[in-house]
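Beneath this line is the structure, given in structure tokens, with notes to follow.
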Amino acid sequence: MDVFVLDGGASTEIQDAHGFQISIMDVFVLDGGASTEIQDAHGFQISTDPLWSSRLLITNPDIIKKTHRSFLDCGADIIETISYQATIPFLCEHANLSIDDAKATLQKSVHLARETVEEFWQDYRRKMDDSDSTTLADRRKPMVCACIGPYGTTYCSGEEYNGEYIDHISEEDIISLQRPRIEALVSAGVDYFALETIPAQKEAEVVSRLMREHPSVKTWLTFQCKDGSHTGHGEKFSDAVEAVVRDGHIRQVGVNCCSPTDVAPLLESIQQLRQEYSLKLVAYPNNGQIYEEADLGTPGRMIGPSLMSEYASALPRWIDLGATIVGGCCQTTPKDIKIVRDLIDKISVRKT
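Here is the structure:
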């Protein structure tokens with residue numbers, strides 16, 4: 000039996016009521032809010048740009064690499080590409096690119112992430128060779144995850160957080176937007192693919208079906224949820240998850256860009272599905288602050304307290320519930336990811 004011991008506390012058996020056991024080596028740390036880092040740490044005002052952080056794929060790729068590196072240096076096992084809002088129509092319209100150049104820009108997001116991983120790993124191995132630390136020796140080579148946001152990002156109005164647009168578009172609208180960008184990103188060579196911040200069950204079903212066209216790509220799908228039991232659009236979270244996983248292709252599901260306080264109840268609600276479909280769960284909430292919109296063309300602001308302390312205290316519970324990929328979304332920084340890394344590294348595994 001695997002027993003997890005948290006420093007300063009009692010031992011916790013990571014074997015739930017359904018008999019699942021999770022080795023700490025099965026838990027991967029995802030990066031955090033890369034766009035937050037680009038804006039706040041590097042001073043780029045991207046919040047009113049339709050291309051958001053993906054503008055820098057064209058104008059300043061070195062900043063993207065520096066941002067990736069900051070999360071790798073803080074312990075991320077997986078970094079996501081800067082492609083969340085990079086749709087081919089947007090790149091053509093707002094960057095004056097041809098369709099072929101837009102696809103190449105999407106692929107560039109993968110290449111930049113991969114280059115950063117390789118540079119980091121060379122430095123890390125050199126450091127490891129100069130040290131006798133077993134902690135250094137235990138680290139895995141980081142991986143690259145391509146990501147795309149939902150159709151709602153095309154409205155540039157935060158509709159991915161409520162999914163209201165889903166009642167006014169067709170499945171074909173979603174397919175025509177997402178299929179070409181999925182193909183471009185996959186062709187660049189990725190370790191994972193993230194369909195993320197999906198606010199509505201209908202959209203989740205459509206994009207998960209698209210990934211059947213790439214059966215060898217490890218894919219996760221995460222919902223944006225407005226509370227501890229419902230998607231942003233209002234469907235019951237457990238119903239939406241079941242609709243996605245029932246065909247057998249998607250086996251990693253979860254939540255992102257929700258409040259840290261909602262993660263545990265959301266994961267608790269799908270434990271039966273986790274058992275039935277042998278699911279691995281994913282959780283990367285934001286820091287709990289709320290975005291306050293401003294006038295059109297004027298940047299909004301984040302209001303309310305950060306809930307990262309609640310995140311830290313809840314992390315062992317998320318792992319207990321089956322989370323094998325944990326990280327952060329909007330407003331989470333490399334420093335926050337370092338806290339996650341340190342928490343996981345403090346968990347030791349022994350066989351009894």
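Position one of the sequence shown corresponds to residue 0 (numbering that gives the first Met the number 0), numbered consecutively onward.
Yeah, the Cβ is synthetic: ideal placement off N, Cα and C, and Gly gets one too.
Since we're looking at a predicted model, the values are computed, not measured.
Nearest neighbour of residue i, chosen from the options [CA to CA]
{"i": "L56", "options": "A75, R273, V109", "result": "V109"}
{"i": "F43", "options": "G32, I62, N286, P149", "result": "I62"}
{"i": "G253", "options": "T332, P259, V281", "result": "V281"}
{"i": "G233", "options": "V243, C257, Q200", "result": "Q200"}
{"i": "A112", "options": "T80, P214, A242", "result": "T80"}
{"i": "R211", "options": "I269, R178, K107, T47", "result": "R178"}
{"i": "P284", "options": "D246, S237, T196, Q270", "result": "T196"}
{"i": "N95", "options": "R54, D128, I165", "result": "R54"}
{"i": "H371", "options": "E118, Q106, N255, P214", "result": "With the chain covering only 0 through 351, there is no way to say anything about residue 371."}
{"i": "S312", "options": "P259, T323, P60", "result": "P259"}
{"i": "G227", "options": "H213, C257, K107, A242", "result": "C257"}
{"i": "H213", "options": "G188, H229, D128", "result": "G188"}
C-beta contact flag for residue i and residue j at 8 Å
{"i": "S34", "j": "S52", "result": "yes"}
{"i": "P198", "j": "G157", "result": "no"}
{"i": "L184", "j": "A145", "result": "yes"}
{"i": "A85", "j": "L50", "result": "yes"}
{"i": "V244", "j": "L209", "result": "no"}
{"i": "E163", "j": "T152", "result": "no"}
{"i": "R316", "j": "A263", "result": "yes"}
{"i": "E36", "j": "T332", "result": "yes"}
{"i": "S215", "j": "S237", "result": "no"}
Inter-residue CB distance, residue i and residue j (contact presumed, cutoff 8 Å)
{"i": "M142", "j": "D190", "result": "4 Å"}
{"i": "S207", "j": "L194", "result": "7 Å"}
{"i": "G31", "j": "Y83", "result": "Going by Cβ atoms, the distance from G31 to Y83 rounds to 13 Å, so no, they are not a contact pair."}
{"i": "G321", "j": "I336", "result": "Rounded, the Cβ-Cβ distance is 21 Å, inconsistent with contact."}
{"i": "C224", "j": "L265", "result": "6 Å"}
{"i": "I168", "j": "Y154", "result": "I168 to Y154, Cβ: 10 Å. No contact."}
Euclidean distance between Cα positions of residue i and residue j
{"i": "G296", "j": "Q121", "result": "In this predicted model, G296 has a pLDDT of only 48, less than 50, meaning its place in the structure is not dependable enough to derive any value."}
{"i": "P304", "j": "D261", "result": "15 Å"}
{"i": "Q38", "j": "V205", "result": "32 Å"}
{"i": "T115", "j": "A75", "result": "12 Å"}
{"i": "I173", "j": "F192", "result": "17 Å"}
{"i": "A203", "j": "L220", "result": "8 Å"}
{"i": "L217", "j": "I249", "result": "Note that residue 217 is Lys in the sequence shown here, rather than Leu. About 8 Å."}
{"i": "V240", "j": "T58", "result": "38 Å"}
{"i": "M307", "j": "N286", "result": "6 Å"}
{"i": "E420", "j": "I289", "result": "Residue 420 falls outside the range modelled here, since the chain spans only 0 to 351, and no answer is possible."}
{"i": "D356", "j": "A103", "result": "For the chain, the structure presents residues 0 to 351; residue 356 sits outside this window and is missing."}
{"i": "P88", "j": "I181", "result": "14 Å"}
{"i": "T47", "j": "N161", "result": "19 Å"}
{"i": "E275", "j": "G247", "result": "11 Å"}
{"i": "K140", "j": "N255", "result": "24 Å"}
{"i": "D25", "j": "L342", "result": "15 Å"}
{"i": "K107", "j": "I78", "result": "14 Å"}
{"i": "S97", "j": "K64", "result": "24 Å"}
{"i": "D137", "j": "K126", "result": "13 Å"}
{"i": "I165", "j": "E171", "result": "12 Å"}
{"i": "D129", "j": "Y123", "result": "10 Å"}
{"i": "A101", "j": "D319", "result": "42 Å"}
{"i": "K334", "j": "H41", "result": "15 Å"}
{"i": "I338", "j": "Q270", "result": "27 Å"}
{"i": "D99", "j": "H93", "result": "15 Å"}
{"i": "Q330", "j": "I45", "result": "14 Å"}
{"i": "F27", "j": "P60", "result": "26 Å"}
{"i": "I235", "j": "R273", "result": "The sequence as given places Lys at residue 235; Ile does not occur at that position. Their backbone Cα atoms lie some 16 Å apart in a straight line."}
{"i": "I242", "j": "Q251", "result": "Strictly speaking, residue 242 in this sequence is Ala, with Ile absent from that position. C-alpha separation (whole angstroms): 13 Å."}
{"i": "L90", "j": "L314", "result": "37 Å"}
{"i": "F222", "j": "L105", "result": "23 Å"}
*Pick out the complete beta strand (DSSP E) segments inside the stretch 72–141, 3 residues or longer, and give them in chain order.*
77–79, all fully within the stretch 72–141.
*asked:* I'd like the ranges of any alpha helix (DSSP H) spanning at least 4 consecutive residues and lying wholly in the stretch 240–324.
replied: Complete alpha helix (DSSP H) runs here, min 4: 259–267, 270–276, 307–319.
*Which ranges does the alpha helix (DSSP H) cover as unbroken runs of at least 4 residues, wholly within the stretch 133–185, from first to last along the chain?*
Counting only runs of 4 or more, we get 133–137.
*Considering only residues of the stretch 186–250, which uninterrupted alpha helix (DSSP H) runs meet the minimum length of 4 residues and lie entirely inside it, listed in chain order?*
Taken in chain order, the unbroken stretches of alpha helix (DSSP H) that lie wholly in the stretch 186–250 and span 4 residues or more are 200–209, 236–244.
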